[in-house]
Every structure is written in C-alpha cells, then in structure tokens.
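Just below is one structure, and these are the notes that go with it.
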Amino acid sequence: MVRLVDSVDSIIVGSEAEALILEANLIKEHQPRFNILLRDDKKYPYIKVTVKEPFPRVYVTRRIVNDGSRYFGPYTSVNQMRQALEVINRLHTVRSCRYSLPKDSPDRPCLDYHIQRCKAPCVGLQTESEYRGMIDDILNILEGDTEEIRSQIEARMMEASGGLDFELAAKMRDVIAGLDVIAREQRVHRTQGGNIDIVGLARDDKLAAGVVLKVRSGLLLSRVTQRFGEILNEKNQDLLSSLVSRHYLGGGDEGMVDLPRTVLLPNSFSDQDLLEEILTEAAGYRVRLTIPQRGEKLRLSELAEVNARQVLEDQVIALAYADNRAEDALFSLQDELDLKVVPRLMVCFDVSHMQGKETVASAVVFQNGEPSRADYRHMRIKGDWGNDDFQSMQEAVYRYFRRRLDEGTPLPDLVVIDGGKPQLSAAQNAFAYLDLPGIAVIALAKKEEAVFAPGKKTPLRLDRRNRALHILQRIRDEAHRFAVRYNRKLRTKRTLRSELGDIPGIGLRRQTVLLRRFGSLKGVKSATKEEIARVPGFSKALASRVLTYLGN
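Taking full-length UniProt numbering, the leading residue of the sequence shown gets 1, the next gets one more, and so forth.
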C-alpha cells in the first residue's frame, strides 16, 4: 500500500476531537479507497437544546437543522457525551416527552414525575420561568461555563461529607469531575454564522506559504494551500492580496462556490474592499472580510497562521531535499555523458506543429536541476518547412543562440534536443553556422529513452532508475509540454479569429474586445443581442449580424 502513496500532507487543529471530526469529513468528501469505516453519511452526535420552545428539551441528535436550537458537539467520544448528559440529569429535571407544550398538555404527569426525574411542567406543576432558569444553567454547563455551579456543588459535597452522608458526597464528587471534563473539552456550534474561511500567511526571506481553512456549520472541513517563491521585495499586504485573490478569483467559477459569510484575515490589504464587493455580488449575500481581535475567531486566525507556518517549513525541507537530489543527479549526468563541467545550466529544445501548420519551438531552461520558468522561451518557426522537423529544429537552435550571443548572456553547460539523430544533427549544424563548436549537446529519443551524442555510433541507454536519466526526462517532457501548449494556443486563436473574422464589420480590434468581454467564442455565441450591443463599438445592428453569422 505504501507504493500507492503519492504524497503526505497534514493539517494542524486545536484538539484531538477536532482532528477526528476533520478526518471523518475528509473521508466523506474524498471517499479514499482504503478508508471504509467512515464513508457513509453517518455523523458524530450533538446534544441539542430546543431553546425556541416554551419548555425546551435536551436530547441527542446527528442532524443539524436551522431551527434556532443550540447544538453542542460534535462528540467524537460517546462516553464523553453520556457523561455530559449524566451531569445534566443529576443536577436538573428536564422533560423527556415530545409534547408540544403547552398546547398538547396531557391530563396527568408521567412516570418521570413520580420518580423525581421531571417536575411535570406539562400539567402546570412547574412554571415556564422556573423551567427557563434551569435551561439557562444547562446551557452554561454545556458551554463550559461551570465555575459558579461547580462552587455550589462543591459546597454541597462538603456539607454531605460533614454530615457523614458519604454516598451523596461521592455523587457530588462525580458531578464535579464531569463538570471539569465539560469545561475542558466542550465546544459550542451555532447553525447561524458558522460558515467562515480563515486565511493564514507565513514567510521567511525567500519563500512564503498561505492557507485558507474552510469552516462550515462550525466544523473545520478542509485546507487549501498556496506557495510563493522569490519574494525578497514583496510586502506582506501584497502577498496576502495575491493569496486571497488567487483563492477566490483564480479558479474561475469554482472559487465562487460555497462562499462563506465571513473571511478572517491576518491583516488588511489594498484591494480588500473591492474583493469584498465581488464576493458579495457572487454569493448573493454580504460577505465580510474582517481582522479578528479577540475570542474564538482570533483563535481560529492563529490556528491558520500555525498551519501556514507548517506548510512553509515543509516547503523549506522539500526544497532542501530536492536540491540535494538535483545536485546528485547533475554529478551523475556529468559522469554518464563524460562532460567537462557539471551541467548546472541546461536548455532543452522541442518542435511542435499540427500537420506542418502553426509550427513552433520551445526552449526550456533548468538551473541547478530545477525549472527556471522566467527563462523559458517559445517562438514561431518563420521558415515554411512543413513537416520537416530537421529544418525547424535547426532554425530554433540558431535563433535562440544567435540572440544569446548578441545579448552577451551566458551559454548553457548542456543542450538537450527532444528527438533522435536527425534532430541532433540539426542542432550541430546551427552551432556550426554560429561557430560554436564547444557546446555540449545530446538528443533524447522518446519511447526508447536512448541518448544520442555527437561522434558516437550507438546511443547510450541509461538504467531506468538512473537519476541522470530522470533529469533528462524531466527537462525533455517540460520542453514538450511548453511547445504543445503554445501550438495549441495559436491554433485556438486562429480558429477564433477565422470565425469572427468572416463577419463583415468585425475587424481585429472588435474581435479582441468581444473575446475579452465574453471569454471565448462559446461565450459570444451564448450571449444575447442586448449583451453584445452593450460592448463598446457595437450597435444593435452589428450585434444581430454577429449572432446571425455565428448561427444563433
């Protein structure tokens, strides 16, 4: 089973009970293969107090209904829940019947009255104010506010002990022990106002990590993490703005689903009011972005910060581990390819086209064994080479190195070509034209994973577990991904432009405005005439023409 593990993550919570609740909710949400015990819809129990009734009841439930009742829990330990109920039953006489009092009152009290477990409010033997005072005491106990009643019970215990009534004193002792457990462990959850997102941020000199904790109906359900690198000159406010904006706005419509009533922030940032307006409009109700100052919300904010700090520490450890592995891989690569220097700066080329059209090339850079995305480059192939990958690769390598020579930027320690012998020869031709005979270059063929090097008749076949091969595969696959993405982008743009460009009166500027306004050609097609007419530069007549040509 360990072989099936992709990664390990952890979320810091406030107690063991919160950890168990979070575990149950994550299992229900993700339905993992090996967690079979908590995958049904069964939930941890709550103690419910029906405070909206004239004579409230206290009982156990597993369902939370927004009926104004107070819910205490959830209890991960049934023994703890029973202990809380036992304390309540020893101190107070709460009715156990389901009558809707006072309208459905019975003619006479039930057995509970005769065994002194209820004072029969159903037949008027206990007033509503007396009963309400008892419920207030019960609410205080369940909320953990037990100091006053603990003092009273302690006095009764000492009085019973002094009167040699040791049985009663022992019962009072057990009640006090139960009160202490409730005070230590109890948490209250209200169905109103329990939907909160808590944002946490942590940073060091170069790295930062942010988390968003999702609390719904008072329960911590999940954690979303974001990581930032190279933040030397970034202010905390800018990082926070980026974190929150990316979380809610960066995921399209998904980020706008299940929005909370409140978002707790560690501090303010410049676009806070604007983001609050956007979230409020998307949710259909007021979404507040606030900075907590005290109480439970401040505790949650501190918990989010602790989680962010943990993510940051994990990031630092992972990077250090990756650096060590990358360093080992680079030394191994130098040995396997018999290079003069350790290939700390590598560039890989790939060519992509669709049946000879929209031919593009990518140049992906790895620095110290890791991607240096700021140095990635892609280019359109200018020559009309069709399906000739040899000529396209030669042009790409020539143009890339011609520019580096003109700009005086450092040359790579190793050039990797995605392909076989023909593509390797193309790169060598480009170097010959540029008079760069000393560049170390190899080609890595797909499927066979064979390494072709200049002057060697047979390719080098590295062991599949060799780290040198792994780093070559990484840079090759990254170059392929980058080239294919650029090719797909050009083809999509050409398709959009061709359909909109066929419409009389729709030039390049209006095409761009339409696509920016509606996001895609599909969005334009689904728009109404009035919506298109509101776009700058479009009249109702032109909007009708657009929809007519697009078949709407």
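Built from N, CA and C at the ideal position, the CB exists for glycine as well. Since this is a predicted model, take the numbers as computed values, not measurements.
Please state whether the Cβ-Cβ distance between residue i and residue j is less than 7 Å.
i, j, result
"residue 415", "residue 441", "yes"
"residue 346", "residue 331", "no"
"residue 262", "residue 288", "yes"
"residue 373", "residue 315", "no"
"residue 128", "residue 54", "yes"
"residue 506", "residue 515", "no"
"residue 233", "residue 216", "no"
"residue 360", "residue 248", "no"
On a CA-only basis, which of the options is nearest residue i? Give me that one, please.
i, options, result
"residue 60", "51, 72 and 197", "72"
"residue 81", "130, 127, 64 and 179", "179"
"residue 379", "46, 509, 395 and 320", "395"
"residue 523", "550, 538 and 370", "550"
"residue 224", "216, 199, 240 and 235", "199"
"residue 246", "212, 261 and 466", "212"
"residue 466", "517, 545 and 337", "337"
"residue 368", "406, 323, 362 and 385", "323"
"residue 381", "373, 352, 320 and 375", "352"
"residue 471", "296, 171 and 329", "329"
"residue 484", "326, 110 and 349", "349"
"residue 454", "355, 339 and 66", "339"
"residue 154", "459, 320, 172 and 137", "172"
"residue 433", "456, 399 and 408", "399"
"residue 479", "512, 419, 111 and 163", "419"
"residue 401", "427, 383, 268 and 151", "427"
"residue 97", "118, 114 and 89", "118"
"residue 203", "196, 238, 459 and 215", "238"
"residue 92", "389, 149 and 487", "149"
"residue 439", "397, 95 and 269", "397"
"residue 461", "488, 333, 534 and 405", "333"
"residue 482", "430, 371 and 83", "371"
"residue 534", "230, 548 and 513", "513"
"residue 389", "377, 266 and 354", "354"
"residue 231", "222, 214 and 205", "205"
"residue 174", "283, 222, 376 and 90", "90"
"residue 236", "222, 214 and 270", "270"
"residue 214", "458, 283, 284 and 304", "304"
"residue 474", "52, 276, 166 and 444", "444"
Using the Cα positions of residue i and residue j, report the straight-line distance between them to the nearest angstrom.
i, j, result
"residue 192", "residue 125", "Summary for residue 192: the model assigns pLDDT 40, below 50, so the residue's position carries little reliability; its value from the coordinates is reported in the next sentence. So the alpha carbons of these two residues sit roughly 34 Å apart."
"residue 186", "residue 313", "In this prediction, residue 186 has a pLDDT of 46, which is less than 50 and means its spatial position is unreliable; nothing more can be read from the coordinates."
"residue 538", "residue 519", "17 Å"
"residue 132", "residue 56", "8 Å"
"residue 335", "residue 318", "26 Å"
"residue 50", "residue 109", "21 Å"
"residue 311", "residue 320", "14 Å"
"residue 504", "residue 536", "17 Å"
"residue 113", "residue 120", "6 Å"
"residue 362", "residue 541", "44 Å"
"residue 579", "residue 295", "Nothing can be reported for residue 579: it is not among the residues displayed for the chain, which extend from 1 to 552."
"residue 130", "residue 65", "27 Å"
"residue 511", "residue 546", "11 Å"
"residue 387", "residue 509", "33 Å"
"residue 273", "residue 297", "20 Å"
"residue 78", "residue 111", "27 Å"
"residue 207", "residue 325", "20 Å"
"residue 292", "residue 266", "8 Å"
"residue 220", "residue 197", "9 Å"
"residue 115", "residue 86", "16 Å"
"residue 168", "residue 94", "21 Å"
"residue 62", "residue 84", "16 Å"
"residue 431", "residue 405", "12 Å"
"residue 447", "residue 417", "15 Å"
"residue 449", "residue 364", "19 Å"
"residue 377", "residue 457", "32 Å"
"residue 548", "residue 517", "19 Å"
"residue 283", "residue 88", "41 Å"
Under the assumption that residue i contacts residue j (Cβ atoms under 8 Å), give the Cβ distance between them as a whole number of angstroms.
i, j, result
"residue 243", "residue 210", "4 Å"
"residue 69", "residue 48", "5 Å"
"residue 105", "residue 122", "5 Å"
"residue 176", "residue 157", "7 Å"
"residue 264", "residue 301", "5 Å"
"residue 529", "residue 543", "5 Å"
"residue 344", "residue 413", "6 Å"
"residue 532", "residue 307", "Incorrect: roughly 46 Å between the Cβ atoms, too far for contact."
"residue 141", "residue 58", "Their Cβ separation, rounded to whole angstroms, is 10 Å, which puts residue 141 and residue 58 out of contact at 8 Å."
"residue 358", "residue 490", "5 Å"
Would residue i pass as an interface residue toward chain C - the criterion being a Cβ-Cβ separation below 7 Å?
i, result
"residue 300", "In the structure shown, chain C does not exist; there is a single protein chain."
Give a yes or no on contact between the segment 422-433 and the segment 382-394, applying the rule of three or more CB pairs nearer than 8 Å.
-> yes
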